[in-house]
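So the structure is just underneath, and the comments pick up after that.
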Ligand SMILES: Cc1cc2nc3c(=O)[nH]c(=O)nc-3n(C[C@H](O)[C@H](O)[C@H](O)COP(=O)(O)O)c2cc1C
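Residue numbers (this note's numbering): 14 to 396.
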């Protein structure tokens, strides 16, 4: 019997996170300094359905920090409203979950992957999954506070190759009410270097019953997204760096999962218009000077693969105001098309590896007490 190719079975790949259907089964990874309201609005335009916010520090939110409040605000037309929280104290996380749901969140993700040394050395970030009982206490408290709103987690393989934590942490999360488990298939020590080890995602899929496992790491092209699903059996993919300077990647992914032809590669004119709009959207929620600083970070990503020289890039990055940026963008040649072979160029950080430090005795006891130092809660980014 001839089996239809999987390409034609797109309808079978339906990701359900609690009450939320995610179609196609693709989630925008939380990225500090990137996945704010402005960027999420651009991604929505291209069909991005589940777009996770930048990480919000739960304690700062509970203590009323204006910045955290701003980070948990949504556009009026935003669905599904998704917030990532970071914290190490179950009571604080529960309170933060109640606050964000009060503000309209329909999905809460918990970050257990931060590799930054100044956090792990105090027992925070990627050090938490090394204590599955603590992780279970945090996830359980969050899930109880969230009621019907799904709570998911995102974690790494472990601290380093000798200290893999994802097996026990995955089981603990599943048993404590997590609605999905995303695995960035690198260790904290790898940071963003080397390759994501997709085989480990397959291992977790085989181990966890009844809770969808999402694969994350090194999806750069639509074909990569499909390959990650096919090779590991995971229920969906989480895509981070491939979306930097490329909100239209969601349309490429939707076409891939629908078995439709890929949309044409963008022209430089479209890219220039998107940069301009991105900057204006950033300025809607921040001082114009800040929006200028922020957009400079995105310009290199937007221009990845375009045959424009270093001097053009430097010229754009040197913009001093939004109107100045707009004038400089006007000078770009609209008709240049991104060459096909450049469409899926990797972008974003590759930094690492870096040794991971955890508190003395951290692995000896499977305790559920949160880390004593508040410095464990300093996580700024990463996962
Ligand atoms: C700039 C940047 C910021 C990030 N911030 C977060 C974060 O706040 N929370 C988190 O869980 N992961 C964070 N990450 C990790 C990504 O969500 C993702 O796990 C990682 O980039 C691997 O996926 P990728 O290969 O698709 O990029 C960040 C990554 C980058 C590049």
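We put the CB at the ideal spot given by N, CA and C, even for glycine. All of these numbers come straight from a predicted model, not from anything done at the bench.
Item                                                                                                                              : Value
Any non-hydrogen atom of ligand 3 within 7 Å of residue 344 CB                                                                    : Ligand 3 is absent from the structure shown, which contains only ligand 1.
Pairwise C-alpha distance: residue 257 and residue 285                                                                            : 15 Å
Unbroken stretches of the beta strand (DSSP E), 3 residues or longer, contained in the stretch 66-133                             : 94-99 and 120-125
Beta-carbon proximity list for residue 304, same chain, < 6 Å, skipping 5 on both sides                                           : 292, 295 and 296
Among 312, 59 and 317, the one whose alpha carbon lies nearest that of residue 331                                                : 312
CB contact flag (residue 85, residue 105, <8 Å)                                                                                   : no
For residue 236, the nearest candidate out of 356, 340 and 144 (CA to CA)                                                         : 356
Runs of beta strand (DSSP E) lying entirely within the stretch 188-271, each at least 3 residues, in chain order                  : 193-197, 226-229 and 249-252
Ligand 1 heavy atom lying under 7 Å from the CB of residue 201                                                                    : no
Own chain partners of residue 233 with C-beta closer than 6 Å, once the 5 adjacent residues on each side are dropped              : 255, 357 and 359
Segment limits, alpha helix (DSSP H) that includes residue 301                                                                    : 301-315
Segment contact flag, the stretch 57-69 with the stretch 25-36, C-beta cutoff 8 Å, min 3 pairs                                    : yes
Cβ neighbour criterion (16 or more within 10 Å) applied to residue 162                                                            : buried
N-terminal and C-terminal residue of the beta strand (DSSP E) that residue 166 is part of                                         : 164-169
Beta carbon of residue 196 nearer than 8 Å to that of residue 217                                                                 : yes
Residue 202 and residue 372 closer than 8 Å at C-beta                                                                             : no
Alpha-carbon to alpha-carbon, residue 337 and residue 214                                                                         : 46 Å
For residue 350: DSSP bridge partner residues                                                                                     : 280
Supposed close pair residue 126, residue 139 - CB separation, criterion 8 Å                                                       : 5 Å
Chain-order list of residues whose beta-carbon lies under 6 Å from that of residue 238 (same chain, five-residue window excluded) : 232, 250 and 266
Exposure label - residue 208; buried when at least 16 CB within 10 Å                                                              : exposed
8 Å Cβ cutoff met for residue 191 and residue 166                                                                                 : yes
Integer-rounded CB distance, given that residue 181 should sit under 8 Å from residue 128                                         : So it is not a contact: roughly 19 Å between Cβ atoms.
Beta-carbon contacts of residue 206 that lie in its chain and below 7 Å, excluding the five residues immediately before and after : 363, 364, 365 and 366
With 16 other Cβ atoms within 10 Å as the buried cut-off, status of residue 307                                                   : buried
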